[in-house]
Ligand SMILES: Cc1ncc(COP(=O)(O)O)c(C=O)c1O
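In full-length UniProt numbering, the protein residues as written are 1 to 463.
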C-alpha cells in the first residue's frame, strides 16, 4: 500500500517536535520527496500544505520549503530526561567531551607519529579486497590478535595465544562482555573506591550487587575485600596504576588477591589501561603474569597508547572461558571496523608501536616533572603530591581543605579540565584534591601560565 499524505505529515511533525529537523532546515522539493517515497507529487503537496497551514513549515518561493525559523519547540517531557543530572556526572562528561588543557586520558597528541600512521592507513586501505568488505570477524582480525598476544606476552609478562584475544571497542564493551560471558545479573561485583567513574556508572546500571573496597597507598585493600565480600564473583581492579590515585598494587596484595580468586573460583578483572607508562622501573609485569590458576581476565586499550578516537580495546580471555566469550560475543558484538584493525596490526607488527611507547615513557616522565615544578612554583604549600611510579596523571591533594568540587569548577572555567577527586568516591572515607593530566604539557613555563589562570580564585577559595 502506498503512503498517504497523513503519514508524511505525521513523520515531519514528529521529527520537528523531537528536534531531529530544526527550525530553518530546508526540506526536500516536492518532486524529490515524491520520487523517494514512491508517491504522487500531489500527496507530498497535500502534506506540506497542512504543515504550512499549521505553522510548522514556511514556503519561500524559489528557495523551497523550510521548517518555520520562528518555531519554538517545547522541551521534552520530564520523563524523557536522563536519570541524574548532578554536578558529579557533569564534571565527568565535561572531562570527556569539553575542550581545554590537561584533559585526563588524552595521550600526547603532538608526539603521535601521524605521518607513519597515515602511510600505514593508505597501505591498509589499498589492500582491501572484496573479501575484506564483508563482515569483520567478531573476535577480531587475526593479524591484530596475533600482534596483541605477542605484545602483552613480551611487554606485560603474559603467556597467552592469539585465540585468547578478543578485540572490542574499549572498556565498556570489555566489561559488558565479561559480565555476560562469565556472570549472572545477581553476582556480587566489587569495585575500587575511589574508582574509574565510567566503570562505576556502567556497573551501577548493570550489576545488581555492586560493592566497593577502599584503596590506600598499596592499592585495593584486599583484607577488606576478604572480610566484607569474600563471596564476590568479580573484583574489578587497576593494579598497575590505580585509577585515579595512580598507586601500584603491592606484591603481597597481588598474591593475596590471586589466592582469594583461586580459592573461591572468582574472577579478577585486571584493567591495565595505562600499565605501559611506568617510570621508575623498566617494566612492571601485569597482575596476570602471576596468575597460575587462570582467574585473571586482562583488559587493555589503545586509547592511551595510540589515541582514544581509535576505539579499540581487548580482552585476554582465560583459556577455559573462550567458548563462553565466543557464544556471548556472537550475540552482543558485530566485530570492529576492519580497516582500523589492519592499520593497527601493521603499526604493532612493524615495530612502530614499541618505538612510540618508548618515546612516550621518556616524554611523560619529563612532562610530569614540568607540571610538578609548575605546581610548586605557583601554589607553594597548597597541594601535596604523593608521587606514584607511573601513569598519565597526578593527584594534587588539598592539604587541609575539602572544597575540591568548587576548586575544580573554577579551574574548568579557566579551560583546565581537571577533576575533583572526591567525586570518584562512593564510600564515605574520601580524600580531596584535583586529578590532572600532564601528557600534553610542553614546557614548565606553559604549565605555569596555564595554572596561573585560576590563581587568585584558588587562593580566595582556600583562604
Ligand atoms: C581506568 C580506565 N580504564 C579504562 C580506560 C579505557 O577506556 P576505553 O578503552 O573505553 O577508552 C580508561 C580511559 O580513560 C580508564 O581511565
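Just so you know, even glycine gets a beta-carbon here, dropped at the ideal spot from N, CA and C.
Reduced DSSP secondary structure (H/G/I, E/B, other) of residue i
{"i": "residue 184", "result": "coil"}
{"i": "residue 236", "result": "strand"}
{"i": "residue 100", "result": "coil"}
{"i": "residue 419", "result": "strand"}
{"i": "residue 280", "result": "coil"}
{"i": "residue 400", "result": "coil"}
{"i": "residue 247", "result": "coil"}
{"i": "residue 29", "result": "coil"}
{"i": "residue 92", "result": "helix"}
{"i": "residue 59", "result": "strand"}
{"i": "residue 220", "result": "strand"}
{"i": "residue 451", "result": "helix"}
{"i": "residue 66", "result": "strand"}
{"i": "residue 39", "result": "coil"}
{"i": "residue 168", "result": "strand"}
{"i": "residue 327", "result": "helix"}
Identity of the residues DSSP links to residue i by a beta bridge
{"i": "residue 300", "result": "314"}
{"i": "residue 437", "result": "393"}
{"i": "residue 212", "result": "191"}
{"i": "residue 411", "result": "Answer by DSSP bridge pairing: none, since residue 411 is not bridged."}
{"i": "residue 270", "result": "237, 298"}
{"i": "residue 161", "result": "DSSP lists no partner for residue 161."}
{"i": "residue 306", "result": "Beta-bridge pairing links residue 306 to no other residue."}
{"i": "residue 152", "result": "Residue 152 is not bridged to any residue."}
Beta-carbon proximity of residue i to residue j, cut-off 8 Å
{"i": "residue 427", "j": "residue 214", "result": "yes"}
{"i": "residue 113", "j": "residue 345", "result": "no"}
{"i": "residue 8", "j": "residue 43", "result": "yes"}
{"i": "residue 260", "j": "residue 182", "result": "no"}
{"i": "residue 108", "j": "residue 360", "result": "yes"}
{"i": "residue 453", "j": "residue 414", "result": "yes"}
{"i": "residue 299", "j": "residue 340", "result": "no"}
{"i": "residue 293", "j": "residue 262", "result": "yes"}
{"i": "residue 13", "j": "residue 71", "result": "no"}
{"i": "residue 168", "j": "residue 314", "result": "yes"}
{"i": "residue 331", "j": "residue 318", "result": "no"}
{"i": "residue 364", "j": "residue 404", "result": "no"}
{"i": "residue 171", "j": "residue 206", "result": "no"}
Neighbourhood of residue i by C-beta distance below 6 Å, restricted to the same chain and skipping five residues each side
{"i": "residue 256", "result": "222"}
{"i": "residue 343", "result": "120, 121, 124"}
{"i": "residue 236", "result": "191, 269"}
{"i": "residue 233", "result": "183, 187, 188, 266"}
{"i": "residue 132", "result": "338"}
{"i": "residue 333", "result": "138"}
Local Cβ density within 10 Å of residue i, reported as buried at 16 or more and exposed below that
{"i": "residue 24", "result": "exposed"}
{"i": "residue 249", "result": "buried"}
{"i": "residue 40", "result": "exposed"}
{"i": "residue 301", "result": "buried"}
{"i": "residue 409", "result": "buried"}
{"i": "residue 18", "result": "exposed"}
{"i": "residue 139", "result": "buried"}
{"i": "residue 374", "result": "buried"}
{"i": "residue 59", "result": "exposed"}
{"i": "residue 280", "result": "exposed"}
{"i": "residue 388", "result": "buried"}
{"i": "residue 278", "result": "buried"}
{"i": "residue 159", "result": "exposed"}
{"i": "residue 55", "result": "exposed"}
{"i": "residue 20", "result": "exposed"}
{"i": "residue 271", "result": "buried"}
{"i": "residue 174", "result": "buried"}
Contacting residues, own chain, Cβ-Cβ under 7 Å from residue i (five flanking each side not counted)
{"i": "residue 98", "result": "417"}
{"i": "residue 146", "result": "162"}
{"i": "residue 335", "result": "135, 136, 137, 138"}
{"i": "residue 106", "result": "308, 437, 439, 440"}
{"i": "residue 193", "result": "212, 213, 214, 215, 425, 426, 427"}
{"i": "residue 435", "result": "104, 244, 393, 395, 418, 419, 421"}
{"i": "residue 391", "result": "241, 246, 274, 277"}
Neighbourhood of residue i by C-beta, 8 Å cutoff - its chain only, sequence neighbours within 5 removed
{"i": "residue 458", "result": "379, 382, 407, 410, 411"}
{"i": "residue 502", "result": "No answer is possible for residue 502: the residues shown for the chain start at 1 and end at 463."}
{"i": "residue 231", "result": "188, 264"}
{"i": "residue 28", "result": "36"}
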